[in-house]
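Heads up: the sequence shown begins at 17 in our numbering, then just goes up one per residue.
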Amino acid sequence: MMFYLFLKIFILPIIKLIWVKNIEGLENIPKKDSFIIASNHESYFDFITLYTVTPRRIYFLAGEVFFRKWQWAWLVKLTKQIKVDRSAEDKSESVNQALNYLKNGKVIGIFPEGTRSKDGELRKAYNGAVKLAIYAKVPIIPVGIKGTFEIMSRHDKYPKFKKCELNFGQLIYYNYNKQIIGDRDKVASLTRDLMKKIGLLCGEEYEF
Numbered sequence: 017m018m019f020y021l022f023l024k025i026f027i028l029p030i031i032k033l034i035w036v037k038n039i040e041g042l043e044n045i046p047k048k049d050s051f052i053i054a055s056n057h058e059s060y061f062d063f064i065t066l067y068t069v070t071p072r073r074i075y076f077l078a079g080e081v082f083f084r085k086w087q088w089a090w091l092v093k094l095t096k097q098i099k100v101d102r103s104a105e106d107k108s109e110s111v112n113q114a115l116n117y118l119k120n121g122k123v124i125g126i127f128p129e130g131t132r133s134k135d136g137e138l139r140k141a142y143n144g145a146v147k148l149a150i151y152a153k154v155p156i157i158p159v160g161i162k163g164t165f166e167i168m169s170r171h172d173k174y175p176k177f178k179k180c181e182l183n184f185g186q187l188i189y190y191n192y193n194k195q196i197i198g199d200r201d202k203v204a205s206l207t208r209d210l211m212k213k214i215g216l217l218c219g220e221e222y223e224f
């Protein structure tokens, strides 16, 4: 908690000043209760900018690579992000940790595309965000981020001094009948609807 307060007071305002141009829709974020933030994924900077501008503390589902690279490992561990082994078939440990966070009123961050875009356009999304929301009985806030690909794409080693914009949409509520999780077509349709909303917020068309 002390480290988070240090970031919030001293570091994140500097990041916001340098790299964030505009923020829309912060009024859509509940002041209490748990929910999931689901965003497009252009860059490592998506995690940083969301963490910077969102008034609630976010716990992201992060790939295991972040916990192996020294540049990121110390940060994701100190901020208590949730490790996800992308290669593992059984991701129950990560899911259970996320469910526990949501049960205790925390905010979970997910990038439904799973990894960063190669070209700045939306990739085909996975169904995990919708499944988690239904299982935990919480809403999702779709977020569109513009400009982080230009700041630091997956091809860049260092960030450029350019600006990004973040647009927070309206809360999405679901039918929280857990039987829906077993209906692949229904879950895929809900994921498609979520990504289309994210696409509208970031100015990209979701074509899957």
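Backbone N, C-alpha and C define an ideal beta-carbon position, used for all residues, glycine too. Computed from a predicted model, the values in this text were never measured in an experiment.
Beta-carbon proximity check, residue i vs residue j, cutoff 8 angstroms
{"i": "Tyr75", "j": "Lys122", "result": "yes"}
{"i": "Ile64", "j": "Ile31", "result": "yes"}
{"i": "Tyr117", "j": "Arg73", "result": "no"}
{"i": "Leu28", "j": "Thr68", "result": "yes"}
Spatially closest choice to residue i from the options, by CA coordinates
{"i": "Pro71", "options": "Lys47, Ile150, Lys134 and Asn120", "result": "Lys47"}
{"i": "Asn44", "options": "Gln186, Lys194, Ile197 and Tyr192", "result": "Gln186"}
{"i": "Ser133", "options": "Ile150, Glu105, Lys147 and Met168", "result": "Met168"}
{"i": "Tyr36", "options": "Leu216, Asn191, Pro175 and Gly215", "result": "According to the sequence provided, residue 36 is Val. The question's Tyr does not apply to it. When only C-alpha atoms are compared, the closest one is Pro175."}
{"i": "Gln113", "options": "Ala78, Leu138, Ser59 and Arg139", "result": "Ala78"}
{"i": "Gly219", "options": "Gly163, Ile196, Lys202 and Leu21", "result": "Gly163"}
{"i": "Ser103", "options": "Lys173, Pro29, Leu91 and Thr131", "result": "Thr131"}
{"i": "Ile157", "options": "Asp135, Lys107 and Asp49", "result": "Asp49"}
{"i": "Asp62", "options": "Lys24, Glu181, Phe224 and Val81", "result": "Glu181"}
{"i": "Gln87", "options": "Ile214, Lys173, Tyr222 and Asp201", "result": "Lys173"}
{"i": "Ala141", "options": "Tyr222, Lys119, Leu66 and Val111", "result": "Tyr222"}
{"i": "Lys119", "options": "Ala152, Arg84, Glu40 and Glu105", "result": "Ala152"}
Residue i classed as buried or exposed, judged by whether at least 16 other C-beta atoms fall within 10 angstroms
{"i": "Asn183", "result": "buried"}
{"i": "Ala89", "result": "exposed"}
{"i": "Val146", "result": "buried"}
{"i": "Phe22", "result": "exposed"}
{"i": "Val154", "result": "buried"}
{"i": "Tyr192", "result": "exposed"}
{"i": "Ser108", "result": "exposed"}
{"i": "Arg139", "result": "buried"}
{"i": "Leu42", "result": "exposed"}
{"i": "Phe224", "result": "exposed"}
{"i": "Phe26", "result": "exposed"}
{"i": "Glu129", "result": "buried"}
{"i": "Glu58", "result": "buried"}
Whole-Å CB distance - residue i paired with residue j, under 8 angstroms assumed
{"i": "Ile52", "j": "Leu115", "result": "Going by Cβ atoms, the distance from Ile52 to Leu115 rounds to 11 angstroms, so no, they are not a contact pair."}
{"i": "Asn56", "j": "Gly160", "result": "6 angstroms"}
{"i": "Gly144", "j": "Ile126", "result": "7 angstroms"}
{"i": "Ile150", "j": "Lys194", "result": "7 angstroms"}
{"i": "Gly136", "j": "Phe177", "result": "Between Phe177 and Gly136 the Cβ distance is about 18 angstroms, and since that is not below 8 angstroms, they are no contact."}
{"i": "Val203", "j": "Ile196", "result": "7 angstroms"}
Distance cut-off 7 angstroms: residue i Cβ against heavy atoms of the ligand ATP
{"i": "Glu58", "result": "For the ligand ATP, the structure offers nothing, since it holds no ligand at all."}
**Item:** Three or more C-beta pairs below 8 angstroms linking the region 195-208 and the region 95-106
**Value:** In short, these stretches do not touch, since the Cβ pair count stays below three.
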